[in-house]
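Peer 1:
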Amino acid sequence: MAKIVIVDDAKFMRMTLTNILNKTDHEIIGEAENGIEAVHLVKELHPDIVTMDITMPEMNGIEAVKAIKSENKEVKIIMCSAMGQQKMVIEAIEAGAKDFIIKPFDETRVIEAINRVGS
1 MAKIVIVDDA
11 KFMRMTLTNI
21 LNKTDHEIIG
31 EAENGIEAVH
41 LVKELHPDIV
51 TMDITMPEMN
61 GIEAVKAIKS
71 ENKEVKIIMC
81 SAMGQQKMVI
91 EAIEAGAKDF
101 IIKPFDETRV
111 IEAINRVGS
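Here the UniProt record's numbering is used: the first residue of the sequence shown is 1, the next is one more, and so on.
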């Protein structure tokens with residue numbers, strides 16, 4: 001069972017991911033709505049996995065991945081992006097993200113990504 005932090009500036013997207021992940025045996029231990037919050041939450045809660053939106057105010061997902069990875073190499077990050085953000089997804093993977101899922105979320109794909117990086 002992995003401990004997960006969900007990061008997205010849209011409450012609806014956080015709720016959608018929560019609803020999907022509640023069907024698994026993983027535990028959601030926190031939520032953040034921007035990259036700055038995400039960096040603090042990861043330091044505080046030590047999750048196994050973070051789902052990270054790319055486009056957010058204050059600090060975007062790629063900057064947040066770099067900041068998190070510089071302090072915690074172990075945490076696994078899955079990027080969440082809308083269609084057409086391939087260039088940013090590649091940047092995120094280069095920054096240390098392990099996988100990505102496309103919005104709108106496909107329940108099966110989300111669970112597969114979480115299980116793959118979490119195992």
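Note that beta-carbon positions come from the ideal geometry of N, C-alpha and C, so glycine has one too.
Name the residue from GLN86, ILE78, SER119 whose alpha carbon lies nearest to the alpha carbon of VAL110.
Peer 2: Ranking the options by Cα distance to VAL110, first place goes to ILE78.
Peer 1: Please report the residue range of the beta strand (DSSP E) in which ALA97 lies.
Peer 2: Per DSSP, ALA97 belongs to no beta strand (DSSP E) and is neither H nor E.
Peer 1: Give the range of the alpha helix (DSSP H) segment to which LYS11 is assigned.
Peer 2: Where LYS11 is concerned, the enclosing alpha helix (DSSP H) stretches over 11-21.
Peer 1: Are there 16 or more other CB atoms within 10 angstroms of the CB of GLU37, so buried, or fewer, so exposed?
Peer 2: Buried, since its Cβ has 16 or more Cβ neighbours within 10 Å.
Peer 1: Name the one or two DSSP bridge partners that ASP53 has.
Peer 2: Answer is CYS80.
Peer 1: Kindly confirm or deny that the segment 98-113 and the segment 66-75 touch, where touching means at least three C-beta pairs closer than 8 Å.
Peer 2: The answer is no - the segment 66-75 does not touch the segment 98-113, with fewer than three Cβ pairs under 8 Å.
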